[in-house]
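Residue numbers (my numbering): 34 to 455.
C-beta atoms are modelled at their ideal positions from N, C-alpha and C, and glycine is treated no differently.
Values in this document were obtained by computation on a predicted structure and should not be read as measured data.
The next block holds one structure in the form of structure tokens; read it before the comments.
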Ligand SMILES: *[C@@H]1O[C@H](CO)[C@@H](O)[C@H](O)[C@H]1NC(C)=O
Ligand SMILES: *[C@@H]1O[C@H](CO)[C@@H](O)[C@H](O)[C@H]1NC(C)=O
Ligand SMILES: *[C@@H]1O[C@H](CO)[C@@H](O)[C@H](O)[C@H]1NC(C)=O
């Protein structure tokens, strides 16, 4: 009994934090203006957007607007000129997709020697970087206003997989004239790909290779108690919070994000503390020598978290309690209305017939090894499944580590090359 009570307490406590945070979101003094940030010493890279930041390091990027079938306006970036590629671009194009609460910027925050967007375009691949609905680059709609219409925020990985990923694939193929592309998805970026193949299998055929980095499916074994408590609080409190007008969570420019941005950009002590927070989030021993540099920490807090819907966070809470990779659970009665069955249907993981390279970490506190192995056992076409050979390779290391060039990029490059015609 005590266990249950303790749990409820945690859930309520975190919910309270979520509520508080949601409320201050639109105070007039937030977000802090760019000029002020510059004048008080924020690192420049934490303030620049994708196009500006890549240009600073000698890369040229284009911005593209993509409109989904259900009217969401998404922003994609394409690196058209890399600093170190002087040959013709290899084909077909590569689409790189971020994870939950991230944006395209996560692929450049660790700088030109480590950011995957830089490494991939330096290897002469035609790189496109996506942004899913609800983050600060893709917070638009043809007729819904995200600040006023709750309807805008009624999405979770289902809609991202059914609408956003197909819209981006179609756009890239139409723009480049290719029939297929190669797809790299980090965390949720793979989860939404699995949803797409399950619900719109014809799109699976437009991809010739899936590189899956720390893939999301079910999250039964997630060790991170912060992530677990937070998402389960979102699940339990969703209807209450919605009643109070909270539909969007952890967006850029709101209180928590600005707070960490302000705090973490400062002294050595603050930076160490912020690094420790990331470790605690991942449930790894904070005394280990992290592979995310202090400089990267100072920069990433300018772009993270990037915002999503409360509903999506709630789905993550559910995914930690189920043995299958399932659709949203609305409760028995409502499930009958929505799905015609008391239990939500499972996604058809076998429908992801694309050849898959999977790369995952032993000490990933968010996507546990056991859940990755479960997923790999269900996928029909796994080429290779690689556990990163580094002690304490965590979830956040995938986008932010200073060592991606030695750890995960060689394998990514090997497979991209195999699935490329020159
Ligand atoms: C990025 O910054 C540039 C220059 O300030 C601006 O023109 C562009 O609209 C910005 N892009 C996005 C997607 O915010
Ligand atoms: C970050 O800075 C702290 C304090 O100066 C230092 O102890 C630590 O080793 C640094 N971490 C990294 C990964 O560079
Ligand atoms: C799942 O997808 C596979 C491959 O497309 C198909 O053969 C199978 O019938 C599907 N299963 C269900 C339950 O729809």
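TODO: For residue 276, decide whether its Cβ has a neighbour in chain C, counting only Cβ atoms nearer than 8 Å.
DONE: Reference to chain C is not applicable here, since this structure consists of a single protein chain.
Open item on the list: Does residue 287 pass the burial test, meaning 16 or more other C-beta atoms within 10 Å, or should it be called exposed?
Closed with: Looking at its Cβ environment, which holds 16 or more other Cβ atoms inside 10 Å, residue 287 is buried.
Open item on the list: ligand 3 and residue 383: does any heavy atom of the ligand fall closer than 7 Å to the residue's C-beta?
Closed with: Because some heavy atom of ligand 3 lies under 7 Å away, the Cβ of residue 383 counts as near it: yes.
Open item on the list: Can you tell me whether residue 126 is helix, strand or coil according to DSSP?
Closed with: In the three-state reduction of the DSSP assignment, residue 126 falls in the strand class.
Open item on the list: Beta-carbon within less than 7 Å of residue 261's beta-carbon, same chain only, minus the 5 sequence neighbours each way: which residues are those?
Closed with: Sequence-distant Cβ neighbours of residue 261 in its own chain, meaning closer than 7 Å and more than five residues away, are 255 and 353.
Open item on the list: Just to check my reading of the structure: residue 188 and residue 344 have Cβ atoms closer than 8 Å, yes? What is that Cβ distance to the nearest angstrom?
Closed with: Their Cβ separation, rounded to whole angstroms, is 6 Å, which keeps residue 188 and residue 344 in contact under 8 Å.
- [ ] Excluding the 5 residues preceding and the 5 following residue 419 in the sequence, name in chain order all residues of the same chain whose CB lies nearer than 6 Å to its CB.
- [x] The residues are 392 and 444.
- [ ] Check the C-beta distance from residue 281 over to residue 186 and give it rounded, since I have them as a contact under 8 Å.
- [x] At roughly 6 Å, the Cβ-Cβ gap stays under 8 Å, so residue 281 and residue 186 are in contact.
- [ ] Could you tell me whether the segment 130–143 touches the segment 214–230, where touching means 3 or more Cβ pairs closer than 8 Å?
- [x] Short answer: they touch.
- [ ] Let me know the alpha helix (DSSP H) ranges lying completely inside the segment 67–120, each 4 residues or longer, listed in chain order.
- [x] Within the segment 67–120, the complete alpha helix (DSSP H) runs of at least 4 residues are 67–72, 77–80 and 83–89.
Task: CA nearest to the CA of residue 340, picked from 426, 170 and 98 - done: Here the closest residue by C-alpha is 170.
Task: Simplified DSSP assignment, three categories, for residue 424 - done: Here residue 424 sits in coil by DSSP.
Task: Cβ-Cβ distance between residue 360 and residue 375 below 8 Å - done: Going by beta carbons, residue 360 and residue 375 fall outside the 8 Å limit.
- [ ] Please determine if the segment 140–150 and the segment 426–438 are in contact, where contact requires at least 3 C-beta pairs separated by less than 8 Å.
- [x] These segments touch.
- [ ] Just grab the DSSP bridge partners of residue 161 for me.
- [x] DSSP lists 111 and 128 as partners of residue 161.
- [ ] Could you check if residue 78 is buried or exposed, using at least 16 other CB atoms within 10 Å of its CB as the buried criterion?
- [x] The residue is buried, with at least 16 neighbouring Cβ atoms inside 10 Å.
Task: Those residues which DSSP pairs with residue 391 across a bridge - done: DSSP, once it has assigned bridges, lists 245 and 418 as partnering residue 391.
Task: Where residue 215 falls, given that 16 or more other Cβ within 10 Å makes a residue buried - done: The residue is buried, with at least 16 neighbouring Cβ atoms inside 10 Å.
- [ ] Taking all protein chains shown into account, decide if residue 428 is buried (16 or more other Cβ within 10 angstroms of its Cβ) or exposed.
- [x] The residue is buried, with at least 16 neighbouring Cβ atoms inside 10 Å.
Open item on the list: Nearer than 7 Å: is that true of the beta carbon of residue 168 relative to any heavy atom of ligand 1?
Closed with: For ligand 1, no non-hydrogen atom lies closer than 7 Å to the CB of residue 168.
Task: Span separating the alpha-carbon of residue 227 from that of residue 190 - done: Taking the Cα positions, residue 227 is about 10 Å away from residue 190.
Task: Sequence-distant residues of the same chain with beta carbon closer than 7 Å to residue 452, five excluded per side - done: By the criterion of a C-beta distance shorter than 7 Å, residue 452 is surrounded in its chain by 215, 241 and 242, once the five residues flanking it on both sides are discounted.
Task: beta-carbon residue 87 near ligand 3 non-hydrogen atom, thresh 7 Å - done: It does not: the Cβ of residue 87 is nowhere closer than 7 Å to a heavy atom of ligand 3.
Task: Touching by the beta-carbon criterion (3+ pairs, under 8 Å), the segment 103–110 and the segment 161–180 - done: Enough Cβ pairs lie closer than 8 Å, so yes.
Open item on the list: Suppose you measure from the CA of residue 135 to the CA of residue 68; what does that come to, to the nearest Å?
Closed with: Taking the Cα positions, residue 135 is about 24 Å away from residue 68.
Open item on the list: Bridge partners for residue 433 per DSSP, in chain order?
Closed with: The partner list for residue 433 (beta bridge, DSSP) is empty, contrary to what the question assumes.
Open item on the list: Please report the distance separating the alpha-carbon of residue 405 from that of residue 72.
Closed with: Using only the alpha carbons, I get a separation of about 45 Å.
Task: Distance, residue 140 Cα to residue 148 Cα - done: Spanning the two alpha carbons is a distance of roughly 5 Å.
Open item on the list: Bridge partners for residue 214 per DSSP, in chain order?
Closed with: 240.
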